[in-house]
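Using the working numbering, you'd call the opening residue of the sequence shown number -12 and step up by one each time. Remarks on the structure that follows.
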Amino acid sequence: MERLRVATVWLGGCSGCHMSFLDLDEWLIDLAAFADIVFTPVMDIKEYPGNVDAVLIEGAVANEDNLEMLLKVRERTKVLISFGDCAVTGNVTALRNPHGTALPVLERGYLELADDTPQIPSEEGIIPRLLDRVVPLHKVVKVDAYMPGCPPPADRIRRCLEQVLAGQVPVLAGPDIKFGTGRTV
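Right under this line is the structure:
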């Protein structure tokens, strides 16, 4: 049996979903028997690889770097799973959307509330430009499965990955809420 290539990606969010992933504890050893983790923010890998079987993506699309990464991941991955409420709905990350564009939020945070040197950070190549609207993953790319939760509990993540290991696109079962326009876990 060929080993699965699994990845996790962190976009605009708090990393709580990845902390919940780490709560899989000993089951991560079981996962390692069947799959290679080929990309994750937990490791120091700089470039998202090709031919990934499944990816869990945490966070919403909030800046240009998030958008670029999401497009690259979708192109190089068979099964894309929206991992947590920010990825599924925008959630907390999208709380700035009622302000219209990103500019009023930047002005409030970096000019109006500044103590010493008011300036909006804008170092080209270092600080990614905020998008005017924060959006969930399915507003940009095709999502194959949705895993709600803020963060999703470890047992839900495990059920999802067990389905991936079985060669299935994950499907939600039970009383969990369905989000987005695709399948949920």
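Think of the CB as a built atom: it goes at the ideal place given N, C-alpha and C, for glycine as much as any other residue. Predicted, not measured: the structure shown is a model, and the values here were computed from it.
{"Query": "Quick check: the Cα distance between Trp(-3) and Tyr97, rounded to an integer number of angstroms?", "Result": "25 angstroms"}
{"Query": "Tell me the DSSP bridge mates of Glu45?", "Result": "Trp(-3) and Phe70"}
{"Query": "Please report how far the alpha carbon of Tyr133 lies from the alpha carbon of Ile144, in whole angstroms.", "Result": "11 angstroms"}
{"Query": "Please classify Asp12 as buried or exposed, where buried requires at least 16 other C-beta atoms within 10 Å of its C-beta.", "Result": "exposed"}
{"Query": "Would you please state the rounded distance, in angstroms, between the beta carbons of Ala49 and Val121? I believe it to be under 8 angstroms.", "Result": "5 angstroms"}
{"Query": "Taking only the alpha-carbon atoms, compute the straight-line gap between Ile68 and Asp131 and give it to the nearest angstrom.", "Result": "6 angstroms"}
{"Query": "DSSP has Asn50 in a bridge; who is on the other side?", "Result": "Leu117"}
{"Query": "Mind checking whether Asp72 and Cys137 have CB atoms under 8 angstroms apart?", "Result": "yes"}
{"Query": "Would you say Cys147 reaches chain D, if we count a Cβ-Cβ gap shorter than 8 angstroms as a contact?", "Result": "The chain inventory of the structure shown lacks chain D, comprising one protein chain alone."}
{"Query": "Can you name, in chain order, every residue of its own chain whose Cβ lies under 8 angstroms from the Cβ of Val29, other than the five neighbours on each side?", "Result": "Thr(-5), His5 and Leu9"}
{"Query": "Give the C-beta separation of Pro123 and Thr76 to the nearest angstrom, bearing in mind that I take them to be a contact with Cβ-Cβ under 8 angstroms.", "Result": "5 angstroms"}
{"Query": "Report the start-end ranges of each alpha helix (DSSP H) in the stretch 85 to 133 that is 4 residues or longer and not cut off at the edges.", "Result": "90 to 94"}
{"Query": "Would you mind giving the Cβ-Cβ distance between Leu117 and Leu93, rounded to the nearest angstrom? I have them listed as a contact below 8 angstroms.", "Result": "7 angstroms"}
{"Query": "Can you name the residues that DSSP bridges to Leu(-9)?", "Result": "Ala22"}
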